[in-house]
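First the structure, in the form of structure tokens, and then the observations on it.
Chains as they are written, first to last, in our numbering: chain W, 13 to 129; chain B, -8 to 102.
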């Protein structure tokens, strides 16, 4: 089974430029997450989708960040314009329901490492 | 106060040692708990879920203390390959599938 696929793996841009990240979740996973992870920190949720609906985007900086998941499968996360503080790893994850606890277990992609100069 | 708090470490232990990490959470109504492992420059991966009665997976034991709002991870007979960051993860009550990560605890197992 293919895992969560993200691209690009690395991106270096100058500040004020736009950037986009793409994620293809595990087939059949209805829930998709975008997390941002800064060095030495845990992942922080940016947005969570249930199918094509964004059900939690409270932590997404909406002035410059946008996301979409048009057909409820793959998703894109865009930053425009990028700022120096946006340098981080952007992790996409999808989830299935844990059989015993009923909670969702996340499978992460390898991440997209963004450097803003 | 952060929703999920962990000691960032690093914990430097010799091979074969037993090491334990704690994680505290602020929302008493939190429903599910997990430990994820993250290797350097890699993505987090599920290590184990944490059940109310405590659970064990080989050298790893996880426990939950709801009264004191903390979970723990015990690693026995540490291996060099256990060196990683261990992330505590809590599922919020009433938040659907919202999972909140701690900052992680770094473990370094040395010869």
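Glycine included, every Cβ here is placed at the ideal spot set by N, Cα and C. Owing to the predicted nature of the structure, the values given are computational and were not obtained by experimental measurement.
_Cβ pair residue 7(W), residue 92(B) closer than 7 Å_ = What is shown of chain W runs 13 to 129, which leaves residue 7(W) out entirely.
*Inspect the CB distances between the segment 59 to 74 of chain W and the segment -8 to 0 of chain B and report whether three or more fall short of 8 Å.*
no
*Rounded to whole angstroms, how far is the Cβ of residue 34(W) from the Cβ of residue 49(W), which I believe are closer than 8 Å?*
Taking the first residue of the first chain as 1, we reach residue 34(W) at position 22. Taking the first residue of the first chain as 1, we reach residue 49(W) at position 37. Their Cβ separation, rounded to whole angstroms, is 18 Å, which puts residue 34(W) and residue 49(W) out of contact at 8 Å.
_N- and C-terminal bounds of the beta strand (DSSP E) containing residue 3(B)_ = Within the second chain, the letter at position 12 stands for residue 3(B). Residue 3(B) -> beta strand (DSSP E) spans 2 to 5.
*Which of helix, strand or coil does DSSP assign to residue 69(W)?*
The residue labelled residue 69(W) in the question sits at position 57 within the first chain. It is coil, neither helix nor strand.
*Please say whether residue 87(W) and residue 44(W) have beta carbons closer to each other than 7 Å?*
Your numbering for residue 44(W) matches position 32 in the first chain. Your numbering for residue 87(W) matches position 75 in the first chain. The answer is yes: Cβ separation under 7 Å.
*Exposed or buried, residue 62(B), counting other C-beta atoms within 10 Å across all chains shown (16 or more means buried)?*
Working through the second chain from its first residue, we reach residue 62(B) at position 71. Residue 62(B) is classed as buried because its beta carbon has at least 16 other beta carbons within 10 Å across all chains shown.
_the segment 0 to 12 of chain B in contact with the segment 93 to 100 of chain B per 3-pair CB rule at 8 Å_ = With a cut-off of 8 Å on Cβ pairs, the segment 0 to 12 of chain B is in contact with the segment 93 to 100 of chain B, counting three or more such pairs.
*What number of angstroms, rounded off, separates the C-alpha of residue 48(B) from the C-alpha of residue 27(W)?*
As a working mapping, residue 48(B) is identified with position 57 in the second chain. As a working mapping, residue 27(W) is identified with position 15 in the first chain. Rounded to the nearest angstrom, the two C-alpha atoms are 46 Å apart.
*What does residue 0(B) reach in chain D if we use C-beta pairs closer than 9 Å?*
Given the protein chain composition of this structure (W and B), no chain D is represented.
*Flag residue 45(B) as yes if its beta-carbon sits less than 7 Å from any beta-carbon of chain W, otherwise no.*
For the purposes of this step, residue 45(B) is identified with residue 54 of the second chain, where counting begins at 1. It does not; no Cβ of chain W falls within 7 Å.
*Go through its chain and collect everything with a Cβ distance to residue 19(B)'s Cβ below 7 Å, but skip five positions before and after it.*
Position 28 of the second chain holds residue 19(B). So the qualifying residues of the chain are 60.
_Using CA atoms only, rank isn't needed, just tell me which of 104(W), 100(W) and 85(W) is closest to residue 119(W)._
Within the first chain, the letter at position 107 stands for residue 119(W). Nearest neighbour of residue 119(W) by Cα position, chosen from 104(W), 100(W) and 85(W), turns out to be 104(W).
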